[in-house]
Amino acid sequence: MTTTLDVGADLARDLREMTLQTLCRKYAGEASIHRNILMSRGTGVTGTWRDFRAFLGDIGTRPTDQHVLVLLNRTERTYGPGRARWMTPEEQAMHEAEFDRMQAEKRREEQLLLHQAAAQKRASNPKAASFGQWTPMAGQQVAYTDVAKRLNIPVNALSKTMAGGRSADDLVKRAASAAELINQDATWLPPDPARKAGFFEAFRIWHMQVQPQFSRAATPTFLFLYIALPVMKQCRDELMELDLWNPLSQRATHARDAHASWKKYCEFMPRAQVALMEIPIYATYSLLSDLDALCDRILTAEKRFREGQQKVIQTHRAA
């Protein structure tokens, strides 16, 4: 029986001793793939991998006829050491699903931290200079840094929260209202102190954008569900696409349990269930059978909290 060590030793010897022409004949499959990535339009190859000997030494032989060469980063089109590896179609599907999930989660975290990056960009815009370094508060001109400290939010978030014409005095009142809603001991909070602090900072910034008539309903519990439910929904959908949501075999069960989407779903599920019970109008929903409807309802409610009551709302149960 030929072992992996034997294959590796044979390849190392061939790389040392064979001419390039002989090497290409013996490893014709790998040579064909190498030619394809060199000649394909829209792709690039780093300097070292333009040489077939270096390419074969780095990537190794193709394990089976089912394996294809896959770029690890789907947003890049350049092949090179550490940028690609052999995968079966099943491995490629799982890798791409995980890559897409991580990219989507990264984008969602940026959005769910209440557009802090957008606030920084707005603050760096010359037009944002109209806010100035000082603003009236309690009848006095106060530095933005002092206002931010009073509100317990980053100073670069002020341009976002004040963009709608809100005054510093109004924001102070809203900050006091938000502080009344915060429960540091809520069981659905993340156990890590840094993550907990980051969540409450995001909540304070978000709550300042909420319309006053919805301030009592816009709780930290609601914001957590607004964050968690779309993540859970995406994780479920990814597992369903891979036929891992309801595994029918022990092998599939092990694959599901090892999948990052399942781990993320299991991280949020018990916390979301506890949070759901804190909001009576949502408590009748099931996170298993009603996840899509509940997610849509909470997204609609969050938009209304910030933008105000819409003229026409058609829904089975008003959020």
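Each number in the numbering used here comes from the position in the sequence shown (counting from 1) with 1 added on. Note that the Cβ used here is the ideal one computed from N, Cα and C, for glycine as well.
Cβ pair residue i, residue j closer than 8 Å
| i | j | result |
| --- | --- | --- |
| Ala323 | Arg205 | The first residue shown for the chain is 2 and the last is 320, placing residue 323 beyond what the model contains. |
| Gly45 | Thr79 | yes |
| Asn24 | Asp15 | First, the amino acid is wrong: residue 24 is Leu here, not Asn. Their beta carbons are under 8 Å apart, which means Leu24 touches Asp15 by this criterion. |
| Val71 | Ala85 | yes |
| Thr222 | Glu279 | yes |
| Arg272 | Trp189 | yes |
| Tyr283 | Leu292 | no |
| His68 | Trp50 | no |
| Glu97 | Arg63 | no |
| His208 | Ala219 | yes |
| Val232 | Arg109 | yes |
| Pro90 | Asp59 | no |
For residue i, the first and last residue of its enclosing alpha helix (DSSP H)
| i | result |
| --- | --- |
| Ala302 | 292-308 |
| Ala273 | 261-278 |
| Leu70 | Element bounds for Leu70: not the alpha helix (DSSP H) but the beta strand (DSSP E), 69-72. |
| Glu31 | 29-40 |
| Arg54 | 53-60 |
C-alpha distance - residue i paired with residue j, whole-angstrom precision
| i | j | result |
| --- | --- | --- |
| Lys265 | Gln104 | 14 Å |
| Arg26 | Ile34 | 13 Å |
| His317 | Asp297 | Unreliable positioning characterises His317 in this predicted model, as indicated by a pLDDT of 35, which lies under 50. The coordinate reading is nonetheless provided below. Cα-Cα distance, rounded: 12 Å. |
| Thr285 | Leu300 | 17 Å |
| Asp11 | Leu57 | 12 Å |
| Leu295 | Leu288 | 8 Å |
| Ala55 | Asp238 | 40 Å |
| Asn74 | Phe100 | 8 Å |
| Lys304 | Leu226 | 14 Å |
| Leu1 | Arg42 | The shown model of the chain, from 2 to 320, leaves out residue 1, and the question about it has no answer. |
| Ala119 | Glu106 | With a pLDDT of 48 at Ala119, under the threshold of 50, the modelled position of that residue is not reliable, and the figure given next carries that caveat. The alpha-carbon atoms of Ala119 and Glu106 are separated by roughly 17 Å. |
| Phe53 | Gly9 | 17 Å |
| Asn247 | Leu240 | 9 Å |
| Pro194 | Leu224 | 18 Å |
| Cys236 | Arg17 | 47 Å |
Cβ distance (whole Å) where residue i is taken to contact residue j below 8 Å
| i | j | result |
| --- | --- | --- |
| Gln214 | Arg307 | So it is not a contact: roughly 12 Å between Cβ atoms. |
| Ala1 | Phe269 | This structure leaves residue 1 out entirely; the chain is present only between 2 and 320. |
| Gly255 | Leu245 | In the sequence on display, residue 255 carries His and not Gly. Actually they are not in contact, since the Cβ atoms of His255 and Leu245 sit about 10 Å apart, beyond 8 Å. |
| Gln185 | Gly309 | Contact flag wrong, Cβ pair sits at about 30 Å. |
| Phe200 | Pro191 | 7 Å |
| Ala262 | Arg102 | Going by the sequence as given, residue 262 is Ser instead of Ala. The Cβ separation is near 6 Å, so the contact holds. |
Residue i: first and last residue of the uninterrupted beta strand (DSSP E) it sits in
| i | result |
| --- | --- |
| Ala85 | 85-88 |
Residue i: CB within 7 Å of a non-hydrogen atom of the ligand SAH
| i | result |
| --- | --- |
| Thr65 | With respect to the ligand SAH, the structure shown offers nothing to examine, as it has no ligands at all. |
Inset, instruction - With a floor of 3 residues, list each beta strand (DSSP E) that falls wholly inside the stretch 209-251, ordered by position along the chain. - result: none
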